[in-house]
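S.K.: Handing you this structure, nothing more for now.
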Amino acid sequence: MAKLVILEFPDERLRTKAVEVEKVDDEVRQLVDDMLETMYDASGIGLAATQVDVHRRVVVMDVSDDGSEPLVLINPSYTPIGDDKDFLSEGCLSIPEYYAEVPRYLKVKLNALDRNGDAYELEADGLLAHCIQHELDHLEGVLFVDYLSSLKRNRVAKKMQKRHKQTQGA
Ligand code: GNR
Ligand code: NI
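Below, the structure is given as structure tokens:
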């Protein structure tokens, strides 16, 4: 297994739209394992392949308290169950140390393939529902700051650029 590098906003590569996985083979499973290792290491509850600069429709998640329930989503899609939305404070491993309330569907039905390429379906609400919508946005090149005003988004971009300069010692 290998830990992967997570791209950070406003890196333009985060805007890439991911393509469908045609076959769930060992190479895809290796990517899944590396993404799980990267997500757990960063203490995240989800990670989309886009964030590690791989533009294929692969997501890993674990919303359990103790990191014991890994979920693998290949070629995922969701449909809202009902029209209700709620706000929840979201963070993103690609936008470190920034949190904002984002509206998401309260309940969704997820369809995806697992690591064996078998299709499954699951109904989600609460944090899991938020996370599914957040991760699927990544595969489309969308970030949660896109739901904020451009004033706020630009402020966050500036803050991140400053942070990058500091961490690179420039
Ligand atoms: O770790 C994460 N926490 C989180 C909290 C609320 C809603 C979504 C998330 S996902 C995020 C990890 C991440 O950046 N996934 O893309
Ligand atoms: Ni994210």
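For the sequence shown, this note's numbering gives the first residue as 1080, with consecutive numbering after it.
Glycine residues also receive a C-beta, built at the ideal position from the N, C-alpha and C atoms.
Predicted, not measured: the structure shown is a model, and the values here were computed from it.
Return the chain-ordered list of same chain residues with a C-beta closer than 6 Å to the C-beta of residue 1207, the five sequence neighbours on each side being excluded.
M.R.: Within the sequence shown, residue 1207 is the residue found at index 128, counting from 1. Within its own chain, the residues whose Cβ lies closer than 6 Å to the Cβ of residue 1207, once the five positions on either side in sequence are excluded, are 1142, listed in chain order.
S.K.: Under the rule that 16 or more other beta-carbon atoms within 10 Å means buried, what is residue 1155, buried or exposed?
M.R.: By one-based count along the sequence shown, residue 1155 stands at place 76. Label assigned to residue 1155: buried.
S.K.: Would you mind stating whether residue 1093 and residue 1129 have Cβ atoms separated by less than 8 Å?
M.R.: Here the question's residue 1093 lines up with position 14 in the sequence shown. Here the question's residue 1129 lines up with position 50 in the sequence shown. Taking 8 Å as the Cβ cut-off, residue 1093 and residue 1129 qualify as a contacting pair.
S.K.: Between the segment 1170-1189 and the segment 1206-1224, can you find at least three pairs of beta-carbon atoms closer than 8 Å?
M.R.: yes
S.K.: From residue 1152 to residue 1193, what distance separates their C-alpha atoms?
M.R.: As a first step, residue 1152 must be located in the sequence shown, where it is residue number 73. As a first step, residue 1193 must be located in the sequence shown, where it is residue number 114. Each residue's Cα considered, the two are about 6 Å apart.
S.K.: Pop quiz: residue 1239 and residue 1174 are said to be a contact at Cβ under 8 Å. What is the actual Cβ separation, rounded to whole angstroms?
M.R.: Position 160 of the sequence shown, counting from 1, holds the residue named residue 1239. Position 95 of the sequence shown, counting from 1, holds the residue named residue 1174. Going by Cβ atoms, the distance from residue 1239 to residue 1174 rounds to 7 Å, so yes, they are a contact pair.
S.K.: Is the separation between the beta-carbon of residue 1136 and that of residue 1098 shorter than 8 Å?
M.R.: Position 57 of the sequence shown holds residue 1136. Position 19 of the sequence shown holds residue 1098. Result yes, Cβ atoms of residue 1136 and residue 1098 sit closer than 8 Å.
S.K.: Quick check: does the Cβ of residue 1124 come within less than 7 Å of any heavy atom belonging to the ligand GNR?
M.R.: Locating residue 1124 in the sequence shown gives position 45, counting from the first residue. Yes, Cβ of residue 1124 sits closer than 7 Å to a heavy atom of the ligand GNR.
S.K.: Going by DSSP, name the residue or residues bridged to residue 1153.
M.R.: Taking the first residue of the sequence shown as 1, we reach residue 1153 at position 74. According to DSSP, residue 1153 bridges with 1137 and 1192.
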